[in-house]
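Residue numbers (our numbering), protein chains in the order written: chain A, 358 to 857; chain B, 358 to 857.
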């Protein structure tokens with residue numbers, strides 16, 4: 358007698374949740390590494406993480422899991438939810454299987470070597486130290502694309518790791534929009550009178566900054582009983598279950614903007630993680646849809662809500678009560694303009710909402726060129742600098758502020774960058790839809806009511822986990838596919854207000 | 358051709374270190390649970406810990422490990438160190454094998470049930486809620502002793518889990534000493550004029566307490582690059598490798614003693630862990646000899662050093678600089694007497710150096726009686742209270758302050774308590790030896806020089822890990838077996854000074 362569907366599904370869940378337990382334990386160790394671990398702990402932390410990764414990998418590539426998934430995929434008596442989990446897990450399993458373990462090992466070794474070379478190159482401000490390692494990494498990523506298989510473009514195979522279903526064919530019009538429609542916006546802004554952001558650059562004591570940022574998180578609906586915020590050198594969000602989702606951030610006592618919007622950004626990521634269905638722990642439906650959708654949540658809160666005048670009609674008097682002297686003569690309008698100041702700059706992570714997408718587009722073009730062998734790794738500084746000159750009108754003084762600024766390529770993350778722009782564009786489209794469906798959303802923000810928006814996001818997006826691809830979800834939520842016109846409208850409206 | 362000894366030993370080390378990676382990851386999760394984890398994180402943290410425990414257990418009970426250990430135990434070409442590791446690992450393996458997995462599962466389930474019953478009984482101040490669960494636990498521990506096997510007494514089998522080599526035959530004279538020689542000491546102290554400890558009970562701001570305690574830890578030689586101190590409800594020490602050894606403690610703003618000596622106590626444990634050989638990570642020689650030896654390190658620092666007048670000749674002026682107002686009119690002599698005040702009390706963890714051992718002896722007698730079926734679980738409150746009346750002259754007002762005060766039995770930890778007294782007695786003996794071997798030890802303390810003592814402990818004790826049993830180590834360090842006369846001399850000398 359064959360195993361009952363119920364028993365097989367239960368075994369599938371048990372295996373997946375065991376792997377999740379181990380991966381989440383690793384996430385705790387990584388969080389600790391970035392927040393509290395003493396320096397000398399690093400040496401054995403690395404091996405502890407490697408062991409946990411191997412243990413989780415063993416489960417997720419086990420013959421037993423394959424047998425169960427294949428058997429379950431033929432069963433007709435699964436619920437829709439169960440069927441979706443099995444379908445996605447089988448997809449993941451078969452994708453993983455395409456990479457021989459010797460290849461995975463090479464990739465992992467090259468990733469360590471390449472990361473170390475990147476660190477050294479930054480330290481010595483010498484790109485040539487990084488170039489040969491990066492060239493090897495690119496060859497491996499080309500091999501990975503071949504192993505995964507693709508129809509139109511090798512980049513499609515790599516994109517799938519971060520944004521399932523995304524392809525070059527889908528991205529081309531998105532980046533064409535950036536290339537064609539954003540330069541005129543930037544030109545208009547440059548022609549207008551620049552707004553000042555002096556109001557950020559005063560002395561803002563750490564503790565008050567921290568307290569206010571936690572106040573904002575609370576208002577956004579972040580559950581501090583299911584998470585916490587800590588200091589770390591790099592802001593990030595991590596999750597050990599949807600009931601333990603943590604944020605880190607950093608504080609600059611001379612620039613309040615640094616903490617505040619990175620807290621709101623990470624808060625957006627965290628609200629998504631806290632909203633994923635707890636009962637789907639360890640299963641695809643308990644995980645985020647894609648990096649693009651994840652980023653849509655952080656950008657929606659950071660930019661659409663967090664840099665909107667409506668929210669600050671509520672928050673600004675509160676902020677002033679934390680910093681009565683520093684903000685005594687600063688009106689909410691001045692503050693609003695300061696937070697939306699546009700200015701071409703060298704560092705992606707510090708860029709404004711307009712110029713940010715040039716940074717991403719440049720990386721996307723370079724990644725494609727590298728995979729197609731149209732660009733050679735050793736020429737990257739020149740390629741980079743000429744594109745920065747062309748789109749942003751500035752040239753990095755050195756490679757640390759140029760081609761060496763991002764860690765992604767050293768880790769082998771090719772295909773990750775596009776999700777940053779996709780996130781902003783999905784965010785604008787979702788936000789426009791929320792405005793249509795929630796009455797007086799701006800008025801609500803001005804009264805400090807953010808729950809209606811959060812509940813809408815929970816209902817429309819968070820609850821589904823990976824059930825839909827980004828594109829399917831976008832269509833389900835907004836009735837149409839990704840449409841960058843929403844972003845352009847959002848940008849035009851905002852900067853009309855900021856730059857008159 | 359048989360595998361080379363080198364290859365087999367390498368495989369043994371790989372398996373052991375994998376298991377250690379997983380157990381240490383679990384220790385990070387437990388540390389996080391006690392320090393930073395948000396409340397709702399508890400639900401899935403429990404399952405993550407259970408999964409890690411099962412993964413480590415699978416490795417440590419694997420057929421492959423058994424094969425390797427048995428093969429290696431016959432090889433003649435192992436170094437002394439390698440041979441010791443193999444011998445101890447084989448001992449552990451064979452001991453574990455005596456417990457069928459069904460028994461281990463029952464024990465683990467009963468431990469959860471019994472712990473929950475203990476919590477509820479404490480909450481409702483009703484011992485009868487705990488009694489039936491405890492009775493089941495005792496039956497399981499009797500079964501465990503039978504499964505392990507023993508020659509003289511079932512308690513011997515259980516002791517071995519905490520204090521390898523310890524037996525009732527060895528403990529009887531130790532506890533006889535407590536029963537016979539400590540009551541006259543206590544009587545003499547009671548007859549003398551009580552010393553005041555008012556100087557602890559003032560307002561001591563948290564941050565200054567914390568800063569001073571870290572100052573003391575640094576002076577003791579605790580390496581803050583290989584550890585850290587955090588707040589937690591219960592003070593403890595935990596280790597993820599000898600280069601990441603962490604302490605927790607709690608702060609009472611109205612009782613400085615609470616933080617200070619618990620920090621020094623945990624600091625003693627931590628110095629031992631930091632002193633274990635890093636290159637023996639995951640192997641028996643990289644682990645502590647026993648709980649008794651562990652406790653000897655914490656007690657030596659807490660009591661022999663930390664409650665000695667010599668150390669305070671150095672530390673007291675520093676402490677006064679942290680609390681100039683609170684300690685303005687308190688002399689170092691008053692302070693020394695306060696920290697050594699003896700007074701029978703109900704709670705073991707708050708007891709002084711004399712009465713502490715009555716608490717331990719009472720638990721030891723009860724554990725033996727339970728295992729021998731001479732005491733029935735349901736009668737424990739009466740047994741407990743009458744022994745407290747007899748030895749300490751006080752009776753608990755309720756069972757929370759009596760029979761329900763310790764968590765140990767609910768976890769099934771029978772045989773653990775004696776290690777607390779053994780620790781103090783080993784500490785006194787080691788400390789006397791250190792005085793013989795290090796010139797002017799007290800003068801050094803008075804000058805703030807604690808490194809000679811730490812280096813002596815590193816050399817005599819820490820570096821060996823589990824190479825020797827407690828008894829072997831004691832003989833190696835002091836030239837004789839455990840001799841409680843050292844403790845009695847230490848006690849008589851100290852209290853002659855305190856109570857004149």
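Every residue, glycine too, gets a C-beta built ideally from N, C-alpha and C.
These figures come from a predicted structure and were not determined experimentally.
- Mind checking whether residue 839 of chain B and residue 711 of chain B have CB atoms under 9 Å apart? Taking 9 Å as the Cβ cut-off, residue 839 of chain B and residue 711 of chain B do not qualify as a contacting pair.
- Query: Which whole-angstrom value is the C-beta distance of residue 596 of chain B and residue 607 of chain B, which I expect to be below 8 Å?
  - Reply: That pair is no contact at about 20 Å.
- Message: Nearest by alpha-carbon distance to residue 432 of chain B: which of B:359, B:371, B:662 and B:830 is it?
- Response: B:359
- Whole runs of the alpha helix (DSSP H) within the segment 486-515 of chain B, excluding any shorter than 4 residues: Runs of the alpha helix (DSSP H) inside the segment 486-515 of chain B: 488-505.
- Residue interval of the alpha helix (DSSP H) (run including residue 717 of chain A): 713-728
- Distance, Cα to Cα, residue 382 of chain A vs residue 389 of chain B? 11 Å
- Task: Say whether the segment 811-823 of chain B touches the segment 621-639 of chain B, bearing in mind that this needs 3 or more beta-carbon pairs closer than 8 Å, one atom from each stretch.
- Result: yes
- Query: Which first and last residues belong to the alpha helix (DSSP H) in which residue 443 of chain B is found?
  - Reply: 437-454
- Message: Short of 7 Å in beta carbon distance, which residues of its chain neighbour residue 439 of chain B, apart from the five on each side in sequence? Order them along the chain.
- Response: 366
- Item | Bridge partner(s) assigned by DSSP for residue 593 of chain A | A:605
- Item | Those residues which DSSP pairs with residue 588 of chain A across a bridge | A:606
- Express the C-alpha separation of residue 814 of chain A and residue 588 of chain A in angstroms, rounding to a whole number. 28 Å
- Boundaries of the alpha helix (DSSP H) in which residue 569 of chain B is found, first to last residue: Residue 569 of chain B: member of the alpha helix (DSSP H) spanning 563-577, first to last residue.
- C-beta atoms of residue 778 of chain B and residue 535 of chain B nearer than 9 Å: yes
- For residue 841 of chain B, is the classification buried or exposed, using 16 other Cβ atoms within 10 angstroms of its Cβ as the cut-off for buried? Buried is the label assigned to residue 841 of chain B, since at least 16 other Cβ atoms lie within 10 Å of its Cβ.
- Message: For the alpha helix (DSSP H) containing residue 623 of chain B, name the first residue and the last one.
- Response: Where residue 623 of chain B is concerned, the enclosing alpha helix (DSSP H) stretches over 613-632.
- Chain-ordered residues of the segment 561-583 of chain B with a beta carbon less than 8 Å from chain A: 580, 581, 582 and 583
- Query: How big is the Cα-Cα spacing for residue 792 of chain B and residue 669 of chain B?
  - Reply: Approximately 17 Å between the Cα atoms of the pair.
- Message: Please report whether the beta-carbon of residue 374 of chain B lies at a distance below 9 Å from any beta-carbon of chain A.
- Response: At least one CB atom of chain A sits nearer than 9 Å to the CB of residue 374 of chain B.
- Whole-angstrom Cβ separation of residue 549 of chain A and residue 748 of chain A, contact assumed at under 8 Å? At roughly 19 Å, the Cβ-Cβ gap does not stay under 8 Å, so residue 549 of chain A and residue 748 of chain A are not in contact.
- Item | Whole runs of the beta strand (DSSP E) within the segment 637-680 of chain A, excluding any shorter than 3 residues | none
- Message: I need the straight-line Cα distance from residue 771 of chain B to residue 442 of chain B, nearest angstrom please.
- Response: 27 Å
- Task: For chain A, find out if any of its Cβ atoms is closer than 9 Å to the Cβ of residue 379 of chain B; answer yes or no.
- Result: Answer yes: the Cβ-Cβ gap between residue 379 of chain B and chain A drops below 9 Å somewhere.
- Message: Quick check on residue 598 of chain B: does DSSP put it in helix, strand or coil?
- Response: strand
- Would the segment 725-732 of chain B and the segment 488-499 of chain B be scored as touching if the rule is three or more Cβ pairs under 8 Å? In this structure the segment 725-732 of chain B touches the segment 488-499 of chain B; the number of beta carbon pairs closer than 8 Å is three or more.
- Query: Given that residue 408 of chain B touches chain A, what residues does it touch there, using C-beta distances under 7 Å?
  - Reply: 375, 378 and 379
- Pick from A:609, A:520 and A:458 that is closest to residue 826 of chain A, judged by C-alpha positions: A:520
- Item | Contact residues within the segment 380-403 of chain B, judged by C-beta distance below 9 Å to chain A | 381, 382, 383, 385, 386, 388, 389, 392, 393, 394, 395, 396, 397, 398, 399, 400, 401 and 402
- Item | residue 412 of chain A at chain B interface by Cβ criterion, 9 Å | yes
- Message: Within 10 Å of its beta-carbon, does residue 581 of chain A have 16 or more other beta-carbons around it, so buried, or fewer, so exposed?
- Response: exposed
- Query: Looking at C-alpha atoms only, which residue of A:648, A:545, A:566 and A:512 is the closest neighbour of residue 613 of chain A?
  - Reply: A:566
- Message: I need the straight-line Cα distance from residue 599 of chain B to residue 423 of chain B, nearest angstrom please.
- Response: 27 Å
- Query: What distance in whole Å lies between the Cβ atoms of residue 759 of chain A and residue 742 of chain A, which are believed to be in contact at a cut-off of 8 Å?
  - Reply: 6 Å
- What is the residue span of the alpha helix (DSSP H) that residue 693 of chain A lies within? Element bounds for residue 693 of chain A: 689-696.
- Note down, in chain order, every chain B residue with its Cβ under 8 Å from the Cβ of residue 638 of chain A. 401
- Item | Any 3 or more C-beta pairs closer than 8 Å across the segment 516-533 of chain A and the segment 789-804 of chain A | no
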